[in-house]
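S.K.:
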Amino acid sequence: MGDYSQLTFLDLSNNGISGAIPNEICRLTKLEKLYLNSNFLEGPIPADIGNLTSLSWLVLYDNQLNGGLPSSIGNLKNLTVFRAGGNANLQGPLPLEIGNCSELAMLGLAETSLTGPLPATLGQLKKLQTLAIYTAMLSGPIPKELGDCSELQSIYLYGNSLSGSVPKELGRLSNLQHLLLWQNSLVGTIPPEIGNCSSLAVIDLSMNALTGSIPQSFGGLEKLEELLLSVNQISGSIPSILVNCTALTHIEIDNNQITGQIPPELGTLKSLTLLYLWKNKLEGSIPTSLADCEKLEALDLSQNSLVGSIPKQIFALTNLT
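Quick note on the numbering used here: the sequence shown kicks off at 4 and runs consecutively.
This is how it looks when you write it as structure tokens:
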């Protein structure tokens, strides 16, 4: 294979290929795109992968690769897409040298056994759009340097053991659409600076140990569709300013310590399909205005301290199950 010195494109994906990735492949220095995904490849990613300095796409996902990520990957200055998720035995830390891949737009290492903290050098990736390292074994804090990745659109770091607080520097990411940090060990308050991420469509910080209140600044997120904060230790009241988020379809704030009353203004959210406020410390009556959420399919207000009767208008919601 190493004799095909002029080869620029190699796609062997979705076959039944087994065995190790041959080191000879690292001699194909003109190679620009390499697809080996969805096979049964074993063994490590070759240490000499960094010799492929013309490579822009390296796609290795859904194999049985093991070992660590070679530091030589930092030599791939033209790399725009690196996907090696779905290799459960890939382990060790994300190498510091990843920050040298200055053209990188997509980094996908989900469903692996990567460990250790995320390197601060990720902040050097000014063209990074998607960071997907979910369902892995990452620990340590989320580097504040991610706030320097001005092109970031999606952060998928859920299902790890990340600790510390949510960096306020993420509030600089004006292109961020998806912030999924659920099922980690994050603590502290939700930074109000997140409300500056004007493109946000999904915020999922569920299943952490976050405290404090829901930031009032979230009311400025006009594109927000899903606000998911379940299973934390969030207190304070539900901000009525959330009614400005007219695109909201899902609000999940259950299993917290929310107090006060259910804002009647929530009835103006015409796109709302799911409202979970159960297992909090809410008081007062159920607002009749919730019946104005005509698309509502799921409503759970149980395990609170609500009083009065259920407004009969709610029973007229035809989509409610």
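Even for Gly, the Cβ is constructed at its ideal location relative to N, Cα and C. Owing to the predicted nature of the structure, the values given are computational and were not obtained by experimental measurement.
#1: Does DSSP put Leu231 in a helix, in a strand, or in coil?
#2: Quick check on the burial criterion: 16 or more other C-beta atoms within 10 angstroms. Buried or exposed for Gln9?
#3: Identify, in the order they occur along the chain, each residue of the same chain with its Cβ nearer than 8 angstroms to the Cβ of Cys104, setting aside the five sequence neighbours on each side.
#4: Note the first and the last residue of the continuous beta strand (DSSP E) segment covering Val84.
#5: Looking only at DSSP bridge pairs, what is Ala1 linked to?
#6: Leaving out five residues before and five after Gly5 in sequence, what residues of the same chain have Cβ atoms less than 6 angstroms from its Cβ?
#7: Closest to Gly162 by C-alpha separation, out of Ser188, Gln180, Glu148, would be which residue?
#8: In terms of residues, what are the limits of the beta strand (DSSP E) holding Met210?
#9: From Thr214 to Glu297, what does the alpha carbon distance come to, in whole angstroms?
#10: Go to Lys129, then tell me how far its beta strand (DSSP E) extends in each direction, as first and last residue.
#11: Could you tell me if Thr316 is buried or exposed, where buried requires 16 or more neighbouring beta carbons within 10 angstroms of its beta carbon?
#12: Using the DSSP secondary-structure output, state which residues sit across from Trp60 in a beta bridge.
#13: Does the distance from the C-beta atom of Gly88 to that of Gly111 stay below 7 angstroms?
#14: Starting from Phe12, trace the beta strand (DSSP E) both ways and give me its first and last residue.
#15: Near Tyr64, which residues of its chain fall below 8 angstroms by C-beta distance, leaving aside the five closest residues on each side in sequence?
M.R.: With the structure as the only source:
#1: Counting from 1 along the sequence shown, the entry for residue 231 is found at position 228. Strand.
#2: Numbered from its first residue, the sequence shown carries residue 9 at position 6. Label assigned to Gln9: exposed.
#3: If you number the sequence shown from 1, residue 104 lands on position 101. Counting only Cβ-Cβ distances below 8 angstroms, and skipping sequence neighbours, we find Ile76, Gly77, Leu79, Lys80, Leu82, Phe85, Leu128.
#4: Walking along the sequence shown from the start, residue 84 turns up at place 81. Unbroken beta strand (DSSP E) run through Val84: 84–86.
#5: Residue 1 is absent from the model: the chain starts at 4 and stops at 324.
#6: If you number the sequence shown from 1, residue 5 lands on position 2. In this prediction, Gly5 scores a pLDDT of 48, lower than 50, which makes its location untrustworthy; no coordinate-derived value is stated.
#7: Translated into positions along the sequence shown, residue 162 becomes position 159. Gly162 has its Cα closest to that of Ser188, out of Ser188, Gln180, Glu148.
#8: Residue numbering aside, residue 210 sits at position 207 when the sequence shown is read from its first letter. That residue, Met210, is in no beta strand (DSSP E); it is neither H nor E in DSSP.
#9: By 1-based counting over the sequence shown, the position of residue 214 is 211. By 1-based counting over the sequence shown, the position of residue 297 is 294. The straight-line gap from Cα to Cα measures roughly 32 angstroms.
#10: Counting from 1 along the sequence shown, the entry for residue 129 is found at position 126. Careful: Lys129 lies outside any beta strand (DSSP E) and carries neither H nor E.
#11: Reading the sequence shown from its first residue, position 313 is the one you call residue 316. It should be pointed out that residue 316 corresponds to Gln in this sequence rather than to Thr. Classification for Gln316: exposed.
#12: Looking up residue 60 in the sequence shown gives position 57. Answer is Lys36, Val84, bridged to Trp60.
#13: The sequence position of residue 88 within the sequence shown is 85, counting from 1. The sequence position of residue 111 within the sequence shown is 108, counting from 1. Yes, the pair counts as a contact, with Cβ atoms nearer than the cut-off.
#14: Numbered from 1 along the sequence shown, position 9 holds the residue referred to as residue 12. Looking at the DSSP string, the run of the beta strand (DSSP E) that includes Phe12 is 12–14.
#15: Position 61 of the sequence shown, counting from 1, holds the residue named residue 64. Excluding sequence neighbours, Tyr64 sits near Asn40, Ser41, Arg86, Ala87, Gly88, Gly89, Asn90, Gly111.
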